[in-house]
Amino acid sequence: MSAKGSFSALLLHVHPHSIPEESSGLRFTWCLGGLALWFFLIETVTGLLLLLRYVPTLSAAYLSIQDITHIAPYGFFIRNVHYWAGQAMVVVVVLHMIRVFITHSFRSPREFNWIIGMLLLVFTVLVDFTGYILVWDDRSFWAWTIARNLAETIPIAGSIFAGLFFGPAEAGDFNLIRIYVWHVVLLPGLMAGLMAWHFWRVRKDGISRPL
Amino acid sequence: MSGTEAGRHWLKTRVEAFSASLIHCSVFMKMVSLEKRSFLTTTVKWILGAVGISIAGGIGLFASFHSGGKKTREFPEEMLRKLVPDVPLHIPEASAWIYRKSSDGSLVALEDRCTHLGCRQKWNPERNLFECPCHGSEFDLSGDVKRGPASRALPKFHLIVENGTVRLTGFPQKPS
Chain E
1 MSAKGSFSAL LLHVHPHSIP EESSGLRFTW CLGGLALWFF LIETVTGLLL LLRYVPTLSA
61 AYLSIQDITH IAPYGFFIRN VHYWAGQAMV VVVVLHMIRV FITHSFRSPR EFNWIIGMLL
121 LVFTVLVDFT GYILVWDDRS FWAWTIARNL AETIPIAGSI FAGLFFGPAE AGDFNLIRIY
181 VWHVVLLPGL MAGLMAWHFW RVRKDGISRP L
Chain A
1 MSGTEAGRHW LKTRVEAFSA SLIHCSVFMK MVSLEKRSFL TTTVKWILGA VGISIAGGIG
61 LFASFHSGGK KTREFPEEML RKLVPDVPLH IPEASAWIYR KSSDGSLVAL EDRCTHLGCR
121 QKWNPERNLF ECPCHGSEFD LSGDVKRGPA SRALPKFHLI VENGTVRLTG FPQKPS
């Protein structure tokens, strides 16, 4: 098989062999899950570009973001697309959950996929939050401080959990690097895996209508 | 023939004449077959290719730490000798107003563009205010807004003095 032929075959394999006719049109429900995936892909591409010029240390983080915004060619555009697509993704994921709830799509046989979706919602909010921290301006610093103090109030495992997610108690480079690793590697990696699982379950359980 | 139809006919003949001239252009003759469909697909491919190359070029500029033709904000250190305390000096090559604080002798550099719509504000020594000639915004010596329509303070630069050159970097000090 030629290279072109095998690529087409891969694309065809990704698509379902059939979809409900009504889901092929534009509907008031907007295919919100698909939109969320689309925003995730935009975040991945723009995020990879931002990685090239962002420095995750306390002294350089804010400076490098000012550099991206004011000096780097097209930097303000890439940063703004990353920011706004991130905000839109949170909104779209919440609306997607509301749609699934209203149309009773969480009921059997899709109850397990609802749980995966809930996890994806949590991870979406977390990845949004960690991105907010990475700017490391005053708002980021206080958001980090407040969130870490909140995490410490969890009974028994509070200090371990706070250390695990936010890094050591005093603000230092390790905090920002920990948040950076969550934002850039761990959370998107977990989300990509869960999303694959989510979509596979949609295929297995049958697509819920309206999309 | 109604007016709309006449217009359409005129447009059609224009478009056909334009396409024909493109197809008969010698450069295109070499690149594409004269069949309409293959001409169109080839054109679309070339356009997509050009867009792709432009995007790749933009990403390359972003990733290569190339300044993108923006001037670096630098000026010779000797300029600092001209400074009178608390009187700002305009440095056009750095797009900034700089002054030395009389209180502690430290240097302050403010961007010379009004935060409203980007006109260059001027220092008025009689009123001790920066005045924007476009819409009348006013800022005090520390860059704070004294009169609208601007709502944000003038951004401050970080000054680095090295080998007889003063360099202004980024906006590390957030406008207060």
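Protein chains in written order, with our numbering: chain E, 1 to 211; chain A, 1 to 176. Note that CB positions come from ideal geometry on N, CA and C, so glycine has one too. The model shown is predicted, which means the values in this text are computed figures rather than measured ones.
Residue i to residue j span [Cα, whole Å]
{"i": "Asn124(A)", "j": "Glu93(A)", "result": "20 Å"}
{"i": "Val45(E)", "j": "Ile59(A)", "result": "11 Å"}
{"i": "Ala171(E)", "j": "Pro133(A)", "result": "44 Å"}
{"i": "Arg167(A)", "j": "Glu111(A)", "result": "13 Å"}
{"i": "Leu11(A)", "j": "Val51(A)", "result": "28 Å"}
{"i": "Ser18(E)", "j": "Ser54(A)", "result": "37 Å"}
{"i": "Gly136(A)", "j": "Leu32(E)", "result": "47 Å"}
{"i": "Arg118(A)", "j": "Arg152(A)", "result": "Inspection of the sequence shows that residue 118(A) is occupied by Gly rather than by Arg. Approximately 12 Å, taken between the alpha carbons."}
{"i": "Gly86(E)", "j": "Phe161(E)", "result": "25 Å"}
{"i": "Glu152(E)", "j": "Trp142(E)", "result": "15 Å"}
{"i": "Glu5(A)", "j": "Leu11(E)", "result": "44 Å"}
{"i": "Leu83(A)", "j": "Phe130(A)", "result": "17 Å"}
{"i": "Ile177(E)", "j": "Leu186(E)", "result": "12 Å"}
{"i": "Arg201(E)", "j": "Ile160(A)", "result": "58 Å"}
{"i": "Pro175(A)", "j": "Val145(A)", "result": "Any reading at Pro175(A) must be qualified, since the residue scores a pLDDT of 42, below 50, and its modelled position is unreliable; the value itself is stated next. Going from the Cα of Pro175(A) to the Cα of Val145(A) covers about 11 Å."}
{"i": "His116(A)", "j": "Ser95(A)", "result": "16 Å"}
{"i": "Phe76(E)", "j": "Arg53(E)", "result": "12 Å"}
{"i": "Phe75(A)", "j": "Leu141(A)", "result": "21 Å"}
{"i": "Ile154(E)", "j": "Gly49(A)", "result": "55 Å"}
{"i": "Phe7(E)", "j": "Ile47(A)", "result": "23 Å"}
{"i": "Ser59(E)", "j": "Asp137(E)", "result": "11 Å"}
{"i": "Ala9(E)", "j": "Val135(E)", "result": "42 Å"}
{"i": "Thr103(E)", "j": "Ala157(E)", "result": "38 Å"}
{"i": "Gln173(A)", "j": "His158(A)", "result": "The predicted model places Gln173(A) with a pLDDT of 46, which falls under 50 and marks its position as unreliable, so this point remains unresolved."}
{"i": "Ile98(A)", "j": "Pro168(E)", "result": "40 Å"}
{"i": "Thr169(A)", "j": "Ala109(A)", "result": "10 Å"}
{"i": "Val125(E)", "j": "Leu164(E)", "result": "18 Å"}
{"i": "Ser108(E)", "j": "His70(E)", "result": "52 Å"}
Cβ separation of residue i and residue j, assumed to be a contact under 8 Å, to the nearest whole Å
{"i": "Pro85(A)", "j": "Arg73(A)", "result": "Wrong, their Cβ atoms sit about 23 Å apart, outside the cutoff."}
{"i": "Gly89(E)", "j": "Ala36(E)", "result": "Reading off the sequence, residue 89(E) comes out as Met, not Gly. At roughly 6 Å, the Cβ-Cβ gap stays under 8 Å, so Met89(E) and Ala36(E) are in contact."}
{"i": "Leu61(A)", "j": "Pro73(E)", "result": "4 Å"}
{"i": "Ile68(E)", "j": "Leu50(E)", "result": "7 Å"}
{"i": "Met97(E)", "j": "Leu121(E)", "result": "6 Å"}
{"i": "Lys156(A)", "j": "Gly164(A)", "result": "With a Cβ gap of about 23 Å, Lys156(A) and Gly164(A) do not count as contacting."}
{"i": "Ile179(E)", "j": "Ile133(E)", "result": "5 Å"}
{"i": "Leu41(E)", "j": "Ile116(E)", "result": "That pair is no contact at about 19 Å."}
{"i": "Trp114(E)", "j": "Val100(E)", "result": "7 Å"}
{"i": "His82(E)", "j": "Val127(E)", "result": "Actually they do not touch by this definition, with Cβ atoms about 12 Å apart."}
{"i": "Phe166(E)", "j": "Trp144(E)", "result": "7 Å"}
{"i": "Asp205(E)", "j": "Arg110(E)", "result": "5 Å"}
Endpoints, alpha helix (DSSP H) assigned at residue i
{"i": "Leu37(E)", "result": "32–51"}
{"i": "Val55(E)", "result": "Note, Val55(E): premise wrong, no alpha helix (DSSP H); not H, not E."}
{"i": "Phe174(E)", "result": "173–181"}
{"i": "Glu111(E)", "result": "111–134"}
{"i": "Ile47(A)", "result": "36–63"}
{"i": "Gly86(E)", "result": "75–102"}
{"i": "Thr145(E)", "result": "138–152"}
{"i": "Phe199(E)", "result": "187–205"}
Segment limits, beta strand (DSSP E) that includes residue i
{"i": "Arg147(A)", "result": "145–147"}
{"i": "Trp123(A)", "result": "122–124"}
{"i": "Phe161(E)", "result": "Not the beta strand (DSSP E): Phe161(E) falls in the alpha helix (DSSP H), residues 158–166."}
Strand pairing of residue i, partner residues [DSSP]
{"i": "Ala96(A)", "result": "Ile91(A), Glu111(A)"}
{"i": "Pro76(A)", "result": "Thr165(A)"}
{"i": "Leu129(A)", "result": "Asn124(A)"}
{"i": "Phe139(A)", "result": "Phe130(A), Val145(A)"}
{"i": "Ser15(A)", "result": "In the sequence as displayed, the identity of residue 15(A) is Val instead of Ser. DSSP output for Val15(A) lists no bridge partner at all."}
{"i": "Val84(A)", "result": "Val87(A)"}
- Message: Counting only Cβ-Cβ distances shorter than 8 Å, please list the residues of the segment 42–75 of chain E near chain A, keeping chain order.
- Response: Under the 8 Å Cβ criterion, the segment 42–75 of chain E contributes Leu49, Leu52, Arg53, Tyr62, Leu63, Gln66, Asp67, His70, Ile71, Ala72, Pro73, Tyr74, Gly75.
- Message: Please list, in chain order, the residues of the segment 31–64 of chain A that have any C-beta partner in chain E closer than 7 Å.
- Response: Gly58, Ile59, Leu61, Phe62, Ala63
- Message: Taking beta-carbon pairs under 8 Å, can you tell me which members of the segment 133–159 of chain E lie near chain C?
- Response: Annotation note: the requested chain C is absent from the structure, which comprises protein chains E and A.
- Query: Which residues, in order along the segment 76–101 of chain E, keep a beta-carbon less than 9 Å from a beta-carbon of chain A?
  - Reply: Phe77, Ile78
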